[in-house]
Structures are given as structure tokens and as C-alpha cells.
């Protein structure tokens, strides 16, 4: 079997007394789109710096495509690795094109790539203007173009949609989808949970330097067994028969107004509760099912 | 170690200094000061006009000792700490290059910008003033310019070291100014004070060697000992044993002042 794209074993990073990353184990497979979620200070950026070999781990072992980071062979791996740091400020005195050309030269990527990459991130018109005059979103897009230099096999993107408007965010994920189609491994950190949950294969939730939960969105929900929320519209006030039927299914009525009900029910009871409601077509006008969002998962895990 | 990332980084630093007109500004400042000194350097003796290469160089040396260290320190103090504050240092360190290559590339680019400004600035002044000098005089002047470049490189090395050690740009600029004060203003005073306090009885043999601990003093000696008559004129011969006045020794000390701080910076920056 091929090496994992990223393999982290027992990685820790200590700054004085602070354990920024504490005993992280993680394997990310080639071609996977992986999300890293956590509050500020959870250790996401430090974990990224460890796996890129920017800082040395205090303990543990990290390999990219089987090559130990910071080893003598790691320079070659870096040529096919793209990184967008969080809140990076590029060089004001260079134009967008010159910025890309500088990093292309450092990376050993062909200079001809630069114009095409500017087009790809929507900066074709601004390429010859100095970065000084760029908006925050334009700077972020330039940083993303920089990460794409040299056809990377692995992309590490720290809060990549920071400062992008909704159209910019959509455009960003369109490119991510194209890259996924090409088999690029992509690791994205974000605090915008609703944005990331439909767009990653798996995700990890970090808190206090450790990984609290790991899996697909569905598996995390199942692990937690967060109750579903059902909103029910009624033709009249709920009668005793309905209330009894729901209580028998372990469904709690958490709020009840004149003609609406809010029900929390365990996942395993979902279909039976829905059936019970459907059986009362005389009373139930409409119902809406709310799955727990990833935000609930995050709060459930790290709250 | 690979040459390419070093060259890419050096080229960027140099081009940045050309484009923001730093090189032009420093070149002009040095050229104008050199012209003024060549013309009016002897005004105290009641003479105006060019009075020969040796006197001009002697006056220029005093200027260079104040100006060039300051220029070099201001050029280099934010080389690393500036990237760190922008957040671009992490990006650079994710590239296929080592930390040592990053440091050397930055240093070489800045060093080239500084050397250009010094050589062109003083060269311009010489071209305008010195019309009919002997080859020997031009040789002496070239030696002075070369020594000035070495002085600049030594203080640039100190500046880059500061930029590795400092936590933020503000502190780095403070440390740069303090370094200038210490080597250019305070060091000689301390030495002189020590001599006077001890009544000149002790440490006389030590003083010349202590002078080697200051690149500005090494530079002064490098230049003044080139000229027999000026040696007597400045009275330095009395405190400076002639066995130290060897160009090879002084050159080696200056090289140590360039490489030493850089090595310290590389050691600190390695992780």
C-alpha cells in the first residue's frame, strides 16, 4: 500500500510551559480533502507548521509521503507542497505577478505558470499592480495562487477563506474540487464550520493541542448521537393522544406553543417519530427535520 | 547547501533596495558628503579646495565611521524580524530551502546593495574631484573605499544578527541604535577612561588589542596606517605597536567581524 500523504505519530510541540500540540496521531490518505476545526489557539496552525517542518516537534514523528519532515530528503518533498499561512502579508512593493515569480523561483516551479495561476484565482487584471493596492480578499487569493505553484501533490491551507466574500469562497472551493479531481491531498483549517462540512471527506476537531474527534461528518454525528430536532406545525392545539404517542417513543416535547411543537428525539427513534406524526394527518400540517450541524458536533466535543 | 535559493533571495533583496531608491539615496548622500569634505575638509586650517588624497581620506574616514555603520544597521535590522512580523517567514521556511540559505541569501542581497552605494557614491565623488592624481593616490583611495565596504559589511552582519534575536521590529530598531552608540561613540570613551583612571600605568600593552574588539576602530587603523605621515600626525603610533599594523592581520580581524556575528545569527536561527 502506498504511504499515507501525511502520517503524524505522537507529535507534540511545547513553547516553554505551553503545549501547543500535545500527542497528536493522524494519518491522511493521498487524495483526501481533510478539514481541521477548532477555536483560535486550539493548535491548528502549530500542527501545520510541524507537518511542514517549519518548526521542529518537541516529540513524535511526522512523515510526508513516507519522508520524515526536516530530514535531508525533505527538500524534494517541499517542491511539491503548497502552503498558505494564516493571515499572511505578502510583499507590498511587488506586483502580484512578481510575487508569484519570486516564489516560483524559490520553489523551482516554471515561471510560465504564474500568469495562468493569476487567471485561475481571478487576479488576471490586477497582476501587474502592486500588492500594496490589493484588498484583503485579493491578497488571500494571491496567497492561494502562490500555494498552487509547482503543481503540488499536497496543499496545506490555514484559514484559506479568511477575508473572501461569498463569491470568492465559492470560487475557492471550485478550485479545491478541481484539485481533488486530480488527486491532490488537501488539508484545510477553518472556523467557518457550515462552510467546510459539505466540502471535506473527513475532519478532525482540535482543542488544547489534542485531537478530540476524528471521522466523517456522519460518523461524528453518529458517535455523539446528538438528538434531532423536529419542528411540527399543527392545525389545532396538540391533544393528549399525540403527546402520549411521542412520549412512548422517547421523544421530548421541549417547546409547545399554540400550534407548533418542537421535539427532540434520539436518532434511532427518528423514523418511528415521523411515522407517528404522519399517522395524525388530521392534526399535523407540516414538519421540518433538523440534523445537528457540525457546529453542534464541535460544541458537543469540545464544549 | 544549494546556490539557487540563495541567489533568488539575494536578487530580491537587492532589487527591492534599487526599486525603493535606497541605493540611490545612500549613494547621493555619500557622494555629496565626500565632495564637501574634499572641498572644505581643510577649512579649519584656513584652506579651501582639494588638498591632496591623503588629507581627504583622513577626513573621509571620520565621516565613514559615523555614517556607514548607521546606514548598515538601518539596512539590516529588520531582515528576519520584519518577515516574521508580516507572517511571510513561515511561508519562506516552507519553501525548498534551509534556514542557513535564507539567512545567507538575505545577507548577500543587502550586502550587495550597501557595497554598491559605497563604491558608486565614493567613486562618483572621486571622479568629480580627482582629475589628475597619480596611480598611487588612486590606489590608496581604492583601498579606503574597499575598507569602507568591509566596515559596512561588518555592521550589516551585526544588524542581521539583531534581526534574528529581536522579538519584534521595535526592539530590533532599538538594539540597532544601541549597537551604533556603543561601537561608534561609547567604546573609545570607555577605553580612554580606563586608561586615564589607571593613570596610564596599566593596560598600555593591552589597549591596541582591545581596539580590535571594535570594527570601527579596526577600520580607522586600516586606513590611517596606510600613510606614514598621517600616522605621526594622529599620534596613534604611540599607542599602537607597529606589529599590529599588518594589512593581513587587520583584514582577518575585519573578516572575523563579518563572519562571527553571522555565524551567531545562523546558530540562533537554526531551529
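Residue numbers (the numbering used here), protein chains in the order written: chain A, 1369 to 1671; chain B, 26 to 296. The beta-carbon is built from N, C-alpha and C at its ideal position, and this holds for glycine as well.
Pairing residue 1603 of chain A with residue 1651 of chain A gives a Cβ-Cβ distance under 8 Å. Exposed is the label assigned to residue 1504 of chain A, since fewer than 16 other Cβ atoms lie within 10 Å of its Cβ.
Below 8 Å, enough C-beta pairs join the stretch 38-51 of chain B and the stretch 127-146 of chain B to call them touching: three or more.
At a cut-off of 8 Å between beta carbons, residue 1447 of chain A contacts chain B. Per DSSP, residue 1517 of chain A lies in no beta strand (DSSP E) segment and is marked neither H nor E. At a cut-off of 8 Å between beta carbons, residue 1411 of chain A makes no contact with chain B.
In this structure the stretch 1544-1562 of chain A lies against the stretch 1389-1407 of chain A, because at least three pairs of beta carbons, one per stretch, are closer than 8 Å.
Residues of the same chain with a CB within less than 8 Å of the CB of residue 1476 of chain A, apart from the 5 flanking positions on each side, are 1447, 1518 in chain order. For residue 177 of chain B, the uninterrupted alpha helix (DSSP H) run begins and ends at 160-190, by DSSP. Distance from the Cα of residue 277 of chain B is smallest, within the candidate group B:38, B:89, B:172, B:122, for B:172.
The beta strand (DSSP E) runs of length 3 or more contained entirely in the stretch 1476-1553 of chain A are, from start to end of the chain, 1522-1526.
Listed in chain order, the alpha helix (DSSP H) runs fully inside the stretch 1553-1599 of chain A are 1561-1565, 1585-1592, counting runs of at least 4 residues.
With contacts defined as CB atoms closer than 8 Å, residue 246 of chain B and residue 182 of chain B fail to qualify as a contacting pair.
Taking a cut-off of 8 Å for Cβ pairs, the stretch 1576-1585 of chain A and the stretch 1606-1620 of chain A do not touch, as fewer than three such pairs fall below it. When rounded, the separation of the alpha-carbon atoms in residue 1507 of chain A and residue 1516 of chain A is 14 Å. Within the stretch 1426-1453 of chain A, 1442, 1443, 1444, 1445, 1446, 1447, 1449, 1450, 1451, 1452, 1453 place their CB atoms closer than 9 Å to a CB of chain B, listed in sequence order. Using a CB distance below 9 Å, the part of the stretch 100-130 of chain B facing chain A consists of 110, 111, 112, 113, 114, 115, 116, 117, 118, 119, 120, 121, 122, 123, ordered along the chain. C-alpha of residue 163 of chain B to C-alpha of residue 63 of chain B: approximately 14 Å in a straight line. Closer than 8 Å to the CB of residue 41 of chain B there is at least one CB belonging to chain A.
Remark: fewer than three beta-carbon pairs, one from each stretch, lie closer than 8 Å, so the stretch 1422-1436 of chain A and the stretch 1459-1471 of chain A are not flagged as touching. If only uninterrupted alpha helix (DSSP H) runs of at least 4 residues are considered, those enclosed by the stretch 196-246 of chain B are 212-222, 232-236.
With a cutoff of 8 Å on beta-carbon distance, residue 98 of chain B and residue 204 of chain B are scored as near each other.
Annotation for residue 91 of chain B: the continuous alpha helix (DSSP H) segment containing it runs 78-101.
Secondary structure note for residue 1620 of chain A: its beta strand (DSSP E) is the uninterrupted segment 1620-1624.
The beta carbon of residue 1475 of chain A falls within 8 Å of a beta carbon belonging to chain B, placing the residue at that interface.
Secondary structure at residue 1413 of chain A: helix, using DSSP grouped into helix, strand and coil. The Cβ of residue 192 of chain B sits no closer than 8 Å to any Cβ of chain A. Beta-carbon to beta-carbon, residue 291 of chain B and residue 178 of chain B are separated by about 16 Å, too far to satisfy the 8 Å threshold.
Residue 1417 of chain A counts as buried, since at least 16 other C-beta atoms from the protein chains shown sit within 10 angstroms of its C-beta.
For residue 1417 of chain A, the nearest beta carbon of chain B is closer than 8 Å to its own beta carbon.
The secondary-structure analysis by DSSP pairs residue 1471 of chain A with nothing; it has no beta-bridge partner. Excluding the 5 residues flanking it on each side, residue 146 of chain B has same chain C-beta neighbours closer than 8 Å at 51, 52, 53, 54, 55, 56, 59, in chain order. Against chain B, the CB of residue 1513 of chain A has no partner CB under 8 Å away; the residue lies outside that interface. In the structure shown, residue 1656 of chain A adopts extended strand secondary structure according to DSSP, grouped into three states. Segment contact: the stretch 1391-1399 of chain A against the stretch 83-95 of chain B, fewer than three CB-CB distances shorter than 8 Å; contact not assigned. Apart from the 5 residues on each side of it in sequence, residue 1552 of chain A sits with its Cβ closer than 8 Å to the Cβ of 1399, 1520, 1521, 1522, 1523 in its chain, given in chain order.
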